[in-house]
Each structure stands twice: as structure tokens, then as C-alpha cells.
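Here the structure comes first, spelled out in C-alpha cells, and everything after it is commentary.
There are 2 protein chains.
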Amino acid sequence: MSRAPLVFAAGIFYPGGEHITGWRAPGSEPHAYLDLDYYTRFAQTAEAGRFATLFLADELYVWDRFRSGIDHGVNVRLEPFTLLSALSQVTSRIGLAATVSTTYNEPYHVARKLASLDHISGGRAAWNLVTSASDEEARNFGRDAHLEHGLRYRRGAEFVDVVNGLWDGWEDDAFLFDKQSGYYADRAKLHVLDHRGDHFAVRGPLNIPRPVQGHPPLFQAGASEAGRDLAGRTADAVFTLGGGSLDTAQGIYDDYKRRAVAAGRGADDLKVLPWFSPIIGDTQADAEERFHELAALTPDRVQIDLLSHYLGTDLGERDLDEPFTFEFDLDGFNQSKSGYQSIAALLAQRPYSIRELAWEVLRRRFTLGTPDTLAAHLVERYEKRAADGFILMAPTLPDTLVRFVDDIVPRLTDAGVYPREYAGDTLRENLGLARPAGRYAA
Amino acid sequence: MSRAPLVFAAGIFYPGGEHITGWRAPGSEPHAYLDLDYYTRFAQTAEAGRFATLFLADELYVWDRFRSGIDHGVNVRLEPFTLLSALSQVTSRIGLAATVSTTYNEPYHVARKLASLDHISGGRAAWNLVTSASDEEARNFGRDAHLEHGLRYRRGAEFVDVVNGLWDGWEDDAFLFDKQSGYYADRAKLHVLDHRGDHFAVRGPLNIPRPVQGHPPLFQAGASEAGRDLAGRTADAVFTLGGGSLDTAQGIYDDYKRRAVAAGRGADDLKVLPWFSPIIGDTQADAEERFHELAALTPDRVQIDLLSHYLGTDLGERDLDEPFTFEFDLDGFNQSKSGYQSIAALLAQRPYSIRELAWEVLRRRFTLGTPDTLAAHLVERYEKRAADGFILMAPTLPDTLVRFVDDIVPRLTDAGVYPREYAGDTLRENLGLARPAGRYAA
Ligand SMILES: Cc1cc2nc3c(=O)[nH]c(=O)nc-3n(C[C@H](O)[C@H](O)[C@H](O)COP(=O)(O)O)c2cc1C
Ligand SMILES: Cc1cc2nc3c(=O)[nH]c(=O)nc-3n(C[C@H](O)[C@H](O)[C@H](O)COP(=O)(O)O)c2cc1C
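One line per chain: the protein sequences are C and U, in this order.
Counting from 1, position 178 in the first sequence corresponds to residue 177 in numbering that gives the first Met the number 0; the numbering is continuous, with no gaps.
Counting from 1, position 423 in the second sequence corresponds to residue 422 in numbering that gives the first Met the number 0; the numbering is continuous, with no gaps.
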């Protein structure tokens, strides 16, 4: 089988684009962040660009650990399932992927919502499993502190088992709707889950038939050892941090594929989709200038408080311009371990002051270039097997997405790596993934 | 102030209409119960009839306590929030009310979903608080048995407090979106909830602004002492069992109004909306015939198993045709106490066999008549203050709703009790309810 074509997910976390102060950019529309119309334009633009899916990142709290978060950050967002369900009615082909924290949800509710979204969208639902990272989220759900990192991944793994089990409880052809005989369902095709594990006890059955896609695709983004292990065993696609050299990206790509194979799956069963946050200029210098304009919209305080957050330590009282030293303790750190490690890696390369480091962390989120160089970058990463596709996290919205679809997508189709039409009707078809048979199918 | 006009909610529990085997009726469309298009027609028909709101009843399990439930029952449904969010895009005026179990949900998630639905629908969201009733639901959420009745209502009361508190956390004008200064929000207008109660610990703030309606309206349907008490203190509208004599209905109506006043609220702040499930005939005899046709679609076994369910006791092995005696133990009964009591009340009137009783329980759900007599019934109940409106639970769908809008609604407008147009844009406006100020509003 030839390799599946390049795929894109259109990601959105901050409604104004991939930076906490992106809402200040000249073209941004901060008054519209609760209007469905704003997201409709986003979704329809991505659909015009044959994006496989929308991807709604999500967190379960307001970032108020530092006051700059309230003063300057876009701390509001629509809830993913309500937003995607509404968008299912104004789109027809693009996937609808919602982030779900397995730490603060119940598998019965999640299996049901995803099945429901999958049915009403004709097979376009997906989920992005996260385990959450902040104590602030814990405090909105009855706990004082976040679950320990290993424990939350074990809970996440069991969560996936339960959800898949609930989906498979009714076989695909369990329903008869036979008005004549009065039989609505065929009892022989119903399998009660009766799950009793370390983290969940869920009897089932689910009160909705098996999803159109069998199992709506599972995305993941955890990059720690535990996160990669779970992805290798269970995910259909993984979002990786991206950036870095071709070598590094190939290494990450291979690592995920190896884990899938080690788990008895095919290498193609797990798509690797690095983060891609382009700043698109007419020239390289223009792109640099745009980056600096964007950066200038972020108060220094915000950028330093974000660094404090990533490191789990308030740096606000330290000297911001002295060389910065920090005792990293990966084992004891309970937020995102991969984010923490990437900062450790930066500091290992050369000395930084806190202020410099904060800005370097921001800078590294973005890839700067022209439509030509950015398209060439994407083609190379795809062809050299550093990526099966990308999650586009547009730094500013709506403009970056529009420009990406207008100026970069055509270069990719011309290069022969990107489809001119959607391959199918369901998200699985558009990702090049087979529909899983139910565990009880004959 | 003159009395608010009569209002209707268009209810749906079984997708085929208000009986577990309604899917067998000649006009029913059981293949369409997962198609959004089916619900779109439902919603648009109700909107054409100026219904204040859609109302999605809901349970968190499949009724498989008896095998007849799997064989014959419509045990599948779309999840309310995904369905209503999708419907928000194909309707413009009608309310969108989702049932929420406070026993198996987290207030942070619920406050957020309702706020999100309220924002994307322009102020049309509402919730129906239930505490759930069956052990089967408990078993889908990690418990062996359902929470005790009193405990679940105390949890429900605290749940409402937390949700209202989260909604009020951001004042209505907390957001500035000031690109120039870089201030997104006004910190002085954010109030962290920091709730610590017997059942929940929720810090907040919510990651979405205050809903369009301030607080999306709260519906309730608990009819036990604990349920009525909670409704009197907190609900905007209550669904009552309906049926019964004018006297009885007036008694129930007064009881709720008294409870609202005792809680320091106005009598008009709590709408009383009895259940109304009409079988519409061209003549009374025609309506009777339609009822018997509908009843004939229900296998005996189903109706007896339902009675067993309502009583929490398997009657299947008993003699179905002997006079039935039963030791009622209201205190020890942990499902719906009000349903249990209404069966006790029937048996206190005269002897029934199990088979007769099962059918009498079914019969009492419905009101049989012609468009003229049914319209006159509704007008009388409204004018004599036995109802502020009704929840229409159409026994069969789509036909009963269509006929209701075509033949009964015009009689109500002619009688001067029902509006010819929607009063406003939000559900609160259409229910004649004021928008609550935030608790921190100046
Ligand atoms: C592209 C991408 C998107 C992510 N989206 C979310 C998200 O929406 N919500 C969230 O809580 N974490 C998100 N994360 C973080 C990870 O899912 C994960 O929770 C975090 O990296 C901690 O896990 P780790 O310790 O395995 O790295 C995202 C990460 C990446 C790379
Ligand atoms: C019109 C109406 C609609 C109801 N809808 C639901 C529902 O959707 N889900 C549910 O679990 N219970 C529903 N109920 C049941 C009640 O909300 C309540 O949970 C039940 O009566 C048990 O409470 P009680 O013991 O206070 O009566 C409904 C009741 C009525 C009268």
C-alpha cells in the first residue's frame, strides 16, 4: 500500500491564535470569541483547505496563578463538545476533535458524547486524550492537588479501555427496528461490559449504538515516557512538539512508530503529527518582523510568568537579567514533564537570563518563513518521514489560517503530497485509518 | 403586572414519543433516531408553534433490568448537550433544555457546558435538574447502588449553589478586550468562588464569561417532599405529573407557589408546568381507538416489567390476574418516590390485578380528546391556576407534535391565552422570567 497523503489538523487553543496575547494582533476579533460565527469561518476555511480535522485544545481552569494571566490572557473559551456539535451543522467533511481530560471525566459520559457527536456528524468525531497538568484543574474538581503523573496515565489507559469497551457493547448490527415483530434490538448482539478495574467500575451497556466510525479516532499529545507508551499502544494519531531539526523530528517519529509496532500494531496505524505554528512573511525578513510585532504585544510580565508556570516555580522575585540557574527535578515535577524537559534542554545548551529564556521559549513555538520555504519544509518533513502530517496552530487568527489555505496548501498539492479532495466521508477515511471491527464481531 | 402567557415545552424522552414502544406506531421512524434531521424537524415544528423550549429528558443507562427492555424498548438516545448544540444552528428562537443528573456530574463541567450552549445559542440554554433514580445508573459511574434519596437531593442543592456561583464569578462587564492597553479582563470584576461544601470543593473561576441569560433557567421535576422543597427554593420552572382532577392540579400548583414564596421569592418566579401527553382524535371515540392501537403495540410483558420497575420488585412470577396486594414502604424506597406514591394511591382506590394495574398506569399518562376538548382543557387549567404552561410529551412522534401545532395551538391563540409571536430573543424572555443580576453586581 502506498503511503497515506499528508494530513492537517486545524488546532485552536486560545481563540485568538497560538499565543496567550494573540488577541491583541491587529486582525484579531476578541469580541467574537463567544460567537459561533467566528468558529464557523474558522471551520469552513479549514474545510476549504481539506484539513482532515478541527482540533480543539482545552483546559479545565482559568490561568490565574499569576495576575498577568487575568489582566492580559484570553482565559475564556467555548466548551469543545458544544462547539463542535454546533459546527457539525455548518460543515460536512472536516473532522471534529475534542480534547478530553481522562483525569477529570467519567468514561460513560465521554463514550456517550463522542458516539453522539459521531452519529450527528456522520462519522467525523474524534478525541484528544490528555491527563491534564495543573493543580488549578484539580481544585475545580474536588481535589487539592493534581493526580501524580504515573497514576494519571494509568487512569488514562484504563479510561481508553472502558470507552472502547462501551462502544463495542452493541454490535454494529444489533438494532432491528422491526415494527412487525416488535423487536427493537437483537439481545444476542448486546454485550454487557461489566468493567471493574483499579480506577473505574462501569457496567454498561452504553445507551447509544456503536459509533459510525466504530471507534472515533483517538489523538494524544503526551510526550513523556508514560505518554509515549500510552500513545504507542492506543492512539490513532499523536501530536508532537515539532520544531527542532529534521534529525530530532525523525527520531521522535521513529520512536512512536516503534512503540506502535512493539504493541502489535502497524506503523501506519499511528499517525505522527508535529505541531506547526507558522509565521508567514512575504520574505524571511518580513516573517521576522511579524514575529517581533507579535512578541511586542506580549507584556514581559506575561512571558516570565508563563516560564514560572512551566517550571512550577515563581521566578518573579529573581533577577531577570542575571544568568539563570535552576535545579531540574524531573521525577518530582508533576505538570507536563515534556515541557519541563525541553526547557532543561535549552539551558543545557548555553546560559540564558530569565528574560532571554522566556523569550526563547516563545520564539521556539513558531516556524518563520515564506509560503515557498514553509511549504518546502512541510514537504521535506513528510517525505523524509519526520511527520505524517501536522497540527496547524496558527499564531494569529483568522489571518494565518486564511493565508495558509490560500498560499501554502496549493504548493503542497502541486508537490503531489496533499489531496485535492477529501478521500472519504468519515474522519477515519480522511486520515487513512481503517474502521475497527467490534471485539464481538463474528 | 398581568400574568405571563401560557408556555409550552416540547419534551422528548423516547425518540419515538412518550412510550417505550412508541417506535412501533405506524407513522414512527425508528431508523432515524440517530439522525439530526429527525430532531431538526421536531425542533422546527415546535418553533413554528412558538414553544418556549425543547426539553430533552435523559437517563444514564440502558433499561435492561428485564429482558423485555432490550427486546422491545427504544434504549438509545443522543446525548442532550451534543444534540441541543447542533439544534441551536437550525433554530433561532426556541429554548434548548438539557437534563442533567446532579448525582453523576461535576458542577464545573455542567456550568461550563450550559454557559457555552447559552453563548452559542444567543441565550436559549436551560437545564433540567434530576437526581437520577436507578441503581443501574450508579453502576455506570463506579457505585454499586444509587445514592440515598435525601443525600442525593442535598447534593443536588449544593450543585445548584456551585453552578450559580461559577456563573456569577465573572461580572457581566468583566471583559475589556482592550487591544490598546493590553488588558483583556478587569481583575476587579472577577470573584473566585472557592466553594468548600459537604459534597463539592470547587475553586473556580469558570473559563467562560457569565451566560447571556445570567443563569440559564433551571427546570426540575422531582415531586417528592425533598424534590418540591428544592424546586421551591431554586427552580425557575417545575414539571409536575399532571393528569388528575382540576382540584388536584390546583393543589399541586399552590403547593409549589407557596414553597417559592416561603423561600423569599415571588410566586411568578416559579412556573408550574404539568405533563401533558395528548391522544388527539377527531372524536372522543376516535381518540379512544388511537389509545387502544398504541397500547396494542406494547407487549404485555413490557408493561408488567415497567410496573415491576416502578415498584422496585419483580412481579413477573406472581399471578397476573389475581387481586394484587403490595406492602408499600415509601421511606425504604430509593427510586422515584413520587411515582411509587402515585401507584399506591391507585391501589388505595380499588382492587386491581397486576395486569390491570400495569395498563391503568399506562392509561393515566395520556389525556384523550379532540382538538376542541383538549384546547379547552388547557385553557381551563391555565386560567384556573392549575398550570402556567405544559410540557408536551407527545405519545407518538412526529405526528402528535405536528397535529398539536396545527390544530390545538390556533385554538389557544384564538382563546387569547397563547402568544402569536415569541416575546423575546432569550428563553428567559419567552418564559416571562427576569434576568438575574450577578451576586457581585454593583
Ligand atoms: C500539540 C499539543 C496539544 C496539546 N493539547 C493539550 C490540551 O488541549 N490540553 C491539555 O491539557 N494538554 C495539552 N497538551 C499537553 C499534553 O497533552 C500533555 O498533557 C502534556 O504534555 C503532559 O503530558 P506529558 O507529561 O506526557 O508531556 C498538548 C500538547 C501538545 C504537544
Ligand atoms: C415531566 C417529567 C420529566 C422527567 N424527566 C426526567 C429525566 O429526564 N430524567 C430523570 O432521571 N428523571 C426524570 N424525571 C423524574 C424526576 O426528575 C425525579 O428524578 C423523580 O421523580 C425522582 O424524584 P422524586 O423522588 O423527587 O419524585 C421526570 C419527571 C417528570 C414528571
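Heads up, the beta-carbon is just placed ideally off N, CA and C, and yes, glycines get one too.
These numbers come from a predicted model, not from an experiment.
inquiry  = Please confirm whether C:N74 has its beta-carbon closer than 8 angstroms to some beta-carbon of chain U.
reply    = Taking the first residue of the first sequence as position 1, residue 74 of chain C is located at position 75. So, interface residue.
ask   = Is C:Y381 helix, strand or coil by DSSP?
value = As a working note, residue 381 of chain C is residue 382 in the first sequence. Residue state, collapsed to three classes: helix.
Nearest-angstrom Cα separation, counted from U:H145 out to U:D235 = Sequence index remark: in the second sequence, residue 235 of chain U carries index 236 (1-based). Sequence index remark: in the second sequence, residue 145 of chain U carries index 146 (1-based). If you take the alpha carbons of U:D235 and U:H145, they lie about 27 angstroms apart.
key: U:A156 versus U:R227 - alpha carbon distance   = For the purposes of this step, residue 156 of chain U is identified with residue 157 of the second sequence, where counting begins at 1. For the purposes of this step, residue 227 of chain U is identified with residue 228 of the second sequence, where counting begins at 1. Spanning the two alpha carbons is a distance of roughly 12 angstroms.
query = Can you give the Cα-Cα distance for C:R257 and C:E382, rounded to whole angstroms?
reply = Within the first sequence, residue 257 of chain C is the residue found at index 258, counting from 1. Within the first sequence, residue 382 of chain C is the residue found at index 383, counting from 1. Rounded to whole angstroms, C:R257 to C:E382 spans 18 angstroms at the Cα level.
Chain-ordered residues of the segment 291-314 of chain C with a beta carbon less than 8 angstroms from chain U = Residues L296 and P298.
query = Can you list the residues of chain U that C:I11 reaches, using a CB-CB cut of under 9 angstroms?
reply = If you number the first sequence from 1, residue 11 of chain C lands on position 12. Chain U residues near C:I11: none, gap ~14 angstroms exceeds 9 angstroms.
Chain-ordered chain C contacts of U:P208 [CB-CB under 8 angstroms] = Along the second sequence, read from residue 1 onward, the residue named residue 208 of chain U stands at position 209. Simply L33 and V75.
query = Along the chain, which unbroken stretches of the beta strand (DSSP E) at least 3 residues long are found entirely within the segment 121-201 of chain C?
reply = Complete beta strand (DSSP E) runs here, min 3: 124-129, 174-177 and 182-184.
query = Are the Cβ atoms of U:L345 and U:L356 separated by less than 8 angstroms?
reply = Taking the second sequence and counting its residues from 1, the one referred to as residue 345 of chain U is at position 346. Taking the second sequence and counting its residues from 1, the one referred to as residue 356 of chain U is at position 357. Their beta carbons are under 8 angstroms apart, which means U:L345 touches U:L356 by this criterion.
request  = Could you tell me whether the Cβ of C:A85 comes closer than 8 angstroms to any Cβ of chain U?
outcome  = What you label residue 85 of chain C is simply residue 86 of the first sequence in a count that begins at 1. It does: the Cβ of C:A85 has a partner Cβ on chain U nearer than 8 angstroms.
query = Any idea if U:P215 is buried or exposed, counting beta-carbon neighbours within 10 angstroms, 16 or more meaning buried?
reply = The sequence position of residue 215 of chain U within the second sequence is 216, counting from 1. Answer is buried; the Cβ neighbour count reaches 16.
query = Closer than 7 angstroms: is that where the CB of C:I390 sits relative to any heavy atom of ligand 1?
reply = Walking along the first sequence from the start, residue 390 of chain C turns up at place 391. Within the cutoff, so yes.
key: Residue of C:L82, C:H198, C:L306 and C:W166 minimising C-alpha distance to C:F158   = What you label residue 158 of chain C is simply residue 159 of the first sequence in a count that begins at 1. If we check each option's Cα against that of C:F158, C:H198 comes out closest.
Buried/exposed call for U:P350, threshold 16 Cβ in 10 Å = Numbered from its first residue, the second sequence carries residue 350 of chain U at position 351. Looking at its Cβ environment, which holds fewer than 16 other Cβ atoms inside 10 Å, U:P350 is exposed.
query = Are at least three pairs of beta-carbons, each pair with one atom in the segment 200-211 of chain C and one in the segment 60-79 of chain U, less than 8 angstroms apart?
reply = yes
query = For the segment 190-221 of chain U, which residues have a CB atom closer than 8 angstroms to at least one CB atom of chain C, in sequence order?
reply = From the segment 190-221 of chain U, only V191, F199, A200, V201, R202, G203, P204, L205, N206, I207 and P208 have a Cβ closer than 8 angstroms to chain C.
request  = Quick one: residues in its chain with C-beta nearer than 6 angstroms to the C-beta of C:F327, no 5 flanking neighbours on either side, listed in chain order?
outcome  = The count along the first sequence starts at 1 and reaches residue 327 of chain C at position 328. A343, listed in sequence order.
request  = Say yes only if the C-beta of C:K270 is nearer than 7 angstroms to one or more non-hydrogen atoms of ligand 1, and no if none qualify.
outcome  = Counted from its first residue, the first sequence places residue 270 of chain C at position 271. No - ligand 1 has no heavy atom lying nearer than 7 angstroms to the Cβ of C:K270.
inquiry  = In this structure, how does DSSP classify U:L272 when only helix, strand and coil are distinguished?
reply    = As a working mapping, residue 272 of chain U is identified with position 273 in the second sequence. Reduced to three states, the DSSP call for U:L272 is strand.
key: Min CB distance C:H376 to chain U below 8 angstroms   = As a position in the first sequence, residue 376 of chain C is number 377, starting the count at 1. No, its Cβ sits nowhere closer than 8 angstroms to a Cβ of chain U.
Within the segment 214-282 of chain U, ranges of the beta strand (DSSP E) (whole runs, at least 3 residues) = 217-219, 236-239, 270-275 and 277-279
query = Quick one: does the C-beta of C:G231 sit closer than 7 angstroms to a heavy atom of ligand 1?
reply = Mapped onto the first sequence, residue 231 of chain C falls at position 232. For ligand 1, not one heavy atom lies less than 7 angstroms from the Cβ of C:G231.
task = Entirely within the segment 34-74 of chain C and at least 3 residues each: give me those beta strand (DSSP E) ranges in chain order.
result = 52-55
task = With 8 angstroms as the threshold, decide whether the Cβ of C:W126 is near any Cβ in chain U.
result = For the purposes of this step, residue 126 of chain C is identified with residue 127 of the first sequence, where counting begins at 1. C:W126 does not count as touching chain U.
inquiry  = For a test of the three-state rule: what should DSSP assign to C:S352, helix, strand or coil?
reply    = The sequence position of residue 352 of chain C within the first sequence is 353, counting from 1. Reduced to three states, the DSSP call for C:S352 is strand.
query = For C:A230, is the classification buried or exposed, using 16 other Cβ atoms within 10 angstroms of its Cβ as the cut-off for buried?
reply = For this step, residue 230 of chain C is matched to residue 231 along the first sequence. Looking at its Cβ environment, which holds 16 or more other Cβ atoms inside 10 Å, C:A230 is buried.
ask   = In this structure, does DSSP put U:P322 in helix, strand or coil?
value = On the second sequence, residue 322 of chain U is found 323 positions in, with the first residue counted as 1. Residue state, collapsed to three classes: strand.
request  = Would you decide whether U:R362 is buried or exposed? Buried here means 16 or more other CB atoms lie within 10 Å of its CB.
outcome  = Translated into positions along the second sequence, residue 362 of chain U becomes position 363. Counting Cβ neighbours within 10 Å, U:R362 comes out exposed, since fewer than 16 surround it.
key: 8 angstroms Cβ shell around U:A51 - same chain, five flanking residues per side excluded   = Position 52 of the second sequence, counting from 1, holds the residue named residue 51 of chain U. Cβ neighbours of U:A51 beyond the five flanking positions: V6, F7, A8, I93, G94, G388, L426, N429 and L430.
key: Proximity of U:V191 and U:A110 at Cβ, strictly below 8 angstroms   = Within the second sequence, the letter at position 192 stands for residue 191 of chain U. Within the second sequence, the letter at position 111 stands for residue 110 of chain U. No, the pair does not count as a contact, with Cβ atoms beyond the cut-off.
Residue nearest to U:P25 in terms of C-alpha spacing, selected from C:Y421, C:T90, C:G181 and C:R40 = Position 26 of the second sequence holds residue 25 of chain U. For U:P25, the nearest C-alpha among the options comes from C:G181.
message = Rounded to whole angstroms, what is the Cα-Cα separation between U:H194 and U:R438?
response = Here residue 194 of chain U is taken as the residue at index 195 of the second sequence, counted from 1. Here residue 438 of chain U is taken as the residue at index 439 of the second sequence, counted from 1. Distance between the alpha carbons of U:H194 and U:R438 is about 15 angstroms.
query = What did DSSP end up calling U:A343 once you bin it into helix, strand or coil?
reply = If you number the second sequence from 1, residue 343 of chain U lands on position 344. Helix, per DSSP.
key: Proximity test, Cβ basis, 8 angstroms: C:P29 and chain U   = Indexing the first sequence from 1 puts residue 29 of chain C at position 30. C:P29 counts as touching chain U.
Runs of alpha helix (DSSP H) wholly within the segment 402-430 of chain C (minimum 4 residues, chain order) = 408-413 and 426-430
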